[in-house]
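Visitor: So in the numbering used here the end of the sequence shown lands on 272, straight run, no missing numbers.
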Amino acid sequence: MSLYIKNIIIASGIAILSTFIISWEKISTRSGADISSQSLLINKAEINRYATQLNLQIPSSKKMQSMMYTIGDYSFQITQYTHNGIPFLYIENGHSTTKGETEKRYYLHHKKMIYFVENSIASYSNASFQLTRTYFKNNLPFITEQKSGSTLRALHQNTFIKVESNTIHHATDLARFEDALYRRNKFDLAFEGITACPNAKYLIFANDEINGYRAPVKIEGEDEFIRELTSNPLRYQGEKLDIDWRANADNELIYSKGKLSKN
10 MSLYIKNIII ASGIAILSTF IISWEKISTR SGADISSQSL LINKAEINRY ATQLNLQIPS
70 SKKMQSMMYT IGDYSFQITQ YTHNGIPFLY IENGHSTTKG ETEKRYYLHH KKMIYFVENS
130 IASYSNASFQ LTRTYFKNNL PFITEQKSGS TLRALHQNTF IKVESNTIHH ATDLARFEDA
190 LYRRNKFDLA FEGITACPNA KYLIFANDEI NGYRAPVKIE GEDEFIRELT SNPLRYQGEK
250 LDIDWRANAD NELIYSKGKL SKN
């Protein structure tokens, strides 16, 4: 079985991160506040309050998710939340067999970075849990803090310490997220084939780069299009497919319907 198929089987572990969102600082907030009402955020307390307001808006906001991409042993999915058509939060959920689980949250204010939070669960370190957060002014980081612990309880009990801002190019990340969501550039994947596992069958999409991105989509029921792909996979190899999919409870992508793309 290929490595990226193994990744999609274990990718359900990414859902663990949904329960590993660290509680925010206890700052009172106005329920239902307009997320664009603040024009200037100048300190940590204001940014924390703003991020809390954004979190409250998530259930009522428009949500868009990317395919589940793999590169090497890393599998990840991008989620975007928008309010009145304007993105205010991007989330990257990722899993690596060597590094563990990670969740990165990118909070925006007037289309600029205002706050970045990374929660990680390492698979190779005694300090298993780590939380890093960076605050921004004018799209530039002004403080980065970090804490870690061998357990989740220890993480909560420990205090943040200031660390050097890392070299994350957040603007590049946001552009990459848009490409992932809309399947553009390096994420413009073509049909590679169909891979069968003992208990499942997957459509595999890939680009033409060596060690490039791949994306599996699980087949649970066969329609005429899937039967055609299955009977003539080489005929359609390298073709762009226009498919619809849904995410199941384990965040696996499940094929709904498809056709050849006109692009």
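Note that the Cβ used here is the ideal one computed from N, Cα and C, for glycine as well. Please read all numbers here as calculations on a predicted model, not as lab measurements.
Excluding the five sequence neighbours on either side, which residues of its own chain have a C-beta within less than 6 Å of the C-beta of S45, listed in chain order?
Guide: Note that S45 scores 47 on pLDDT, short of 50, meaning its location in the model is unreliable; the coordinates nonetheless yield the value given after this. Answer for S45: no residue qualifies.
Visitor: Thinking just about the alpha-carbon of each residue, which of T204, A256, Y78 is nearest to the one in N220?
Guide: N220 has its Cα closest to that of Y78, out of T204, A256, Y78.
Visitor: What residue from K108, A184, S157, I263 has the CA that sits closest to Q89's CA?
Guide: A184
Visitor: Taking 6 Å as the limit between beta carbons, can you name the residues of its chain near S132, skipping five residues before and five after?
Guide: G109
Visitor: Can you name, in chain order, every residue of its own chain whose Cβ lies under 8 Å from the Cβ of K156, other than the five neighbours on each side?
Guide: Q139, L140, L164, N167, T168, F169, I170
Visitor: Tell me the residue span of the alpha helix (DSSP H) that contains D253.
Guide: Note, D253: premise wrong, no alpha helix (DSSP H); beta strand (DSSP E) at 250–256.
Visitor: With a 10 Å radius around its C-beta and 16 neighbouring C-beta atoms as the bar for buried, classify Y124 as buried or exposed.
Guide: buried
Visitor: Using CA coordinates, which residue listed in N216, L212, A258 is at the minimum distance from E237?
Guide: Out of N216, L212, A258, L212 has the C-alpha closest to the C-alpha of E237.
Visitor: Looking only at DSSP bridge pairs, what is Q278 linked to?
Guide: The chain is shown only over 10 to 272; residue 278 falls outside these bounds and no answer can be derived.
Visitor: Going by other Cβ atoms of all chains shown within 10 Å of its Cβ, with 16 needed for buried, is P225 buried or exposed?
Guide: buried
Visitor: Are the segment 95–105 and the segment 51–69 touching, with three or more C-beta to C-beta distances below 8 Å?
Guide: yes
Visitor: If I follow the unbroken alpha helix (DSSP H) through I170, where does it start and stop?
Guide: Run containing I170: none in the alpha helix (DSSP H); it sits in the beta strand (DSSP E), 170–172.
Visitor: For Q246 versus E173, is the C-beta distance shorter than 8 Å?
Guide: Cβ distance not < 8 Å, so Q246 and E173 don't count as in contact.
Visitor: For a test of the three-state rule: what should DSSP assign to N194, helix, strand or coil?
Guide: helix
Visitor: In whole angstroms, what separates the C-alpha of I235 from that of A180?
Guide: 38 Å
Visitor: Just grab the DSSP bridge partners of I228 for me.
Guide: The beta-bridge partner set that DSSP reports for I228 consists of K210.
Visitor: Distance, Cα to Cα, R255 vs Q86?
Guide: CA-to-CA, the gap between R255 and Q86 works out to about 13 Å.
Visitor: Kindly list the residues whose CB is nearer than 6 Å to the CB of S75, restricted to its own chain and excluding five residues on each side of it in sequence; keep chain order.
Guide: Q86, I87, A189, L190.
Visitor: What is the DSSP secondary structure of T181, reduced to helix, strand or coil?
Guide: helix
Visitor: From F196 to E261, what does the alpha carbon distance come to, in whole angstroms?
Guide: 18 Å
Visitor: Excluding the 5 residues preceding and the 5 following S137 in the sequence, name in chain order all residues of the same chain whose CB lies nearer than 7 Å to its CB.
Guide: Result list for S137: I130, A131, S159, in chain order.
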